[in-house]
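Our numbering numbers the first residue of the sequence shown as 10 and each following residue consecutively.
Yeah, the Cβ is synthetic: ideal placement off N, Cα and C, and Gly gets one too.
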Amino acid sequence: MAIKTKSVAGRKKAAALTPPQKLSAGKLKAAVVGVPAAKARAIAASEPVAGKVKRGKTVNPLAPERVAAILDALRKTYPNVVCALLHKNAFELTIATILSAQTTDVGVNKATPELFRMFPTPRALAAASLAEIEPLIKTTGFYRAKAKNIQGAARVLVEQFGGVVPKTVEEMIQLPGVARKTANVVLGSWYDIASGVVVDTHVLRLSRRLELTQQTDPVKVERDLIKVIPRDRWIQFSHELIHHGRQVCVARTPRCADCSLERLCNSADKTWSSH
Ligand code: SF4
């Protein structure tokens with residue numbers, strides 16, 4: 010499907026582009042994962058310009074060579090990236106991912122060490138009362154609902170799965186608080202099973218900016234991504250996009266001047282463009 014590379018709004022925005030900015034020391038410090046901005050710019054410079062993209066011309070954003078170039082730049086920018094949620098086993102990752110709904114991984118990582126110290130196994134958490142669980146996870150928000158979910162998930166793990174986190178999406182989504190996203194996180198990050206592509210708020214936003222989907226519903230976005238991303242890249246692709254969305258392609262003012270995907274990107278949200 011051929012589409013316009015830049016909308017009218019995008020071209021207007023491009024007219025107000027700012028030159029590349031040097032990262033401040035504070036920003037560099039915050040960029041804890043991924044290569045430094047200078048190397049990201051070098052990676053961007055080494056990529057083909059959006060697979061033959063030229064402003065005003067039409068291209069197929071799903072052309073295999075363009076998708077391959079995006080994957081290549083992401084892999085170089087975030088080598089060996091892993092899930093940011095602290096965990097030591099599949100049970101802990103399942104609980105941490107349930108708790109991560111509507112909050113940051115940093116916030117979850119503050120709460121889970123004590124939670125897992127108090128309740129280190131599915132059996133222990135299943136036997137805990139809500140009054141015991143709630144204060145431990147209060148900082149993650151929606152703590153009453155989340156306490157019920159993680160207690161319920163632990164009970165289902167004990168009663169239906171012998172205390173072992175299952176290895177299929179169909180079984181995982183039987184746990185309270187677990188939908189496809191959480192199932193994909195656990196299966197991918199712990200079991201190394203490519204069950205799908207994790208679509209969180211960052212993956213959704215970036216997939217749209219990179220024109221890999223036009224959908225807004227996470228399930229439909231995942232369906233689109235599965236069609237164009239090779240299966241052996243599903244797990245890492247999610248991690249890479251999540252980190253890129255946190256550090257560079259942020260929601261309000263994406264840092265396009267420091268983005269290793271810049272030459273491949275035609276988003277109307279761009280704040281700087283080289284092409
Ligand atoms: S919008 Fe900017 S930061 Fe986001 S992918 Fe495109 S060029 Fe990179």
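Within the stretch 197-229, ranges of the alpha helix (DSSP H) (whole runs, at least 4 residues): 210-218
Supposed close pair residue 111, residue 161 - CB separation, criterion 8 Å: That pair is no contact at about 18 Å.
Sequence-distant residues of the same chain with beta carbon closer than 7 Å to residue 137, five excluded per side: 128 and 160
Beta-carbon proximity check, residue 209 vs residue 251, cutoff 8 Å: yes
Residue span of the alpha helix (DSSP H) that contains residue 115, given as start and end: 114-127
beta-carbon residue 81 near the ligand SF4 non-hydrogen atom, thresh 7 Å: no
Closest by C-alpha distance to residue 144, when choosing among 124, 134 and 135: 124
Start-to-end residues for the alpha helix (DSSP H) that takes in residue 105: 99-108
8 Å contact criterion, which residue 156 and residue 139 should meet: CB distance rounded: 5 Å
Spatial distance of residue 36 from residue 91 (CA atoms): Low per-residue confidence applies at residue 36: pLDDT is 36, beneath 50, and the placement is therefore not dependable, though the value from the model is reported in the following sentence. So the two alpha carbons sit approximately 21 Å from each other.
Cα-Cα separation between residue 212 and residue 254, rounded to whole angstroms: 7 Å
Alpha carbon of residue 122 to alpha carbon of residue 49, nearest angstrom: 34 Å
Contact set for residue 237: own chain, Cβ-Cβ below 7 Å, skip 5 residues either direction: 71, 76 and 221
Per-residue burial, residue 171 [other beta carbons within 10 Å of its own, 16 or more giving buried]: exposed
beta-carbon residue 271 near the ligand COA non-hydrogen atom, thresh 7 Å: The ligand COA is absent from the structure shown, which contains only the ligand SF4.
C-beta atoms of residue 116 and residue 256 nearer than 8 Å: no
Residue 152 - containing alpha helix (DSSP H), residue span: 152-170
Heavy atom of the ligand SF4 within 7 Å of residue 213 beta-carbon: no
Near the ligand SF4: residue 279 beta-carbon under 7 Å from a heavy atom: yes
Span of the alpha helix (DSSP H), counted from its first residue to its last, around residue 243: 243-256
Exposure of residue 105, with buried meaning 16 or more beta-carbon neighbours within 10 Å: buried
Alpha-carbon to alpha-carbon, residue 154 and residue 53: 43 Å
Whole-angstrom C-beta distance between residue 204 and residue 178, which should lie under 8 Å: 5 Å
Residue 257 beta carbon near the ligand SF4 (any heavy atom closer than 7 Å): yes
Outcome for residue 82 when other beta-carbon atoms lying within 10 angstroms are tallied against a minimum of 16: buried
Cβ-Cβ distance between residue 266 and residue 281 below 8 Å: yes
Alpha-carbon to alpha-carbon, residue 146 and residue 228: 28 Å
Contact test: residue 50 Cβ vs the ligand SF4 heavy atom, cutoff 7 Å: no
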